[in-house]
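Residue numbers for the sequence shown follow full-length UniProt numbering, so the first one is 1 and each next one is one higher.
Just so you know, even glycine gets a beta-carbon here, dropped at the ideal spot from N, CA and C.
Below: the structure, in structure tokens.
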Amino acid sequence: MSAHYLTYTFDIHGGGMDLILRHHENEIAQRAISVIGFIMGSLQQMVRKCQNHLVTSSPLVRSKAHTNPFVYHPLALRYFLMGTHYRSPVNYSIEQIEIA
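Now the structure itself:
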């Protein structure tokens, strides 16, 4: 559908740091194969990626599968998360949240 309305040069792919190895590489290869007959030129310009990092809680990675037993004010969490670059890993700790 995107190729119909926005041409084959339009492709946005998002994912977390845990998917960079293999998953994103495979997506780029699949995209290149799907449009190889349509586009001649640099394949690197076809895909725009948006990657994010995970919030880790040493030594675990926080995800939907893990429940979060801590409750904090939303503004404290925002301040904590905004204190680092969006592509940098954040190590969650109670001390860091209380500082925020």
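| Check | Outcome |
| --- | --- |
| Determine the direct distance from the alpha carbon of Glu27 to that of Val90, and round the result to whole angstroms. | 26 Å |
| Quick one, which of Leu81, Tyr86, Tyr5 and Arg87 has its alpha-carbon nearest Gln96's? | Leu81 |
| Distance check for His85 and Glu98, CA to CA, integer angstroms please. | 20 Å |
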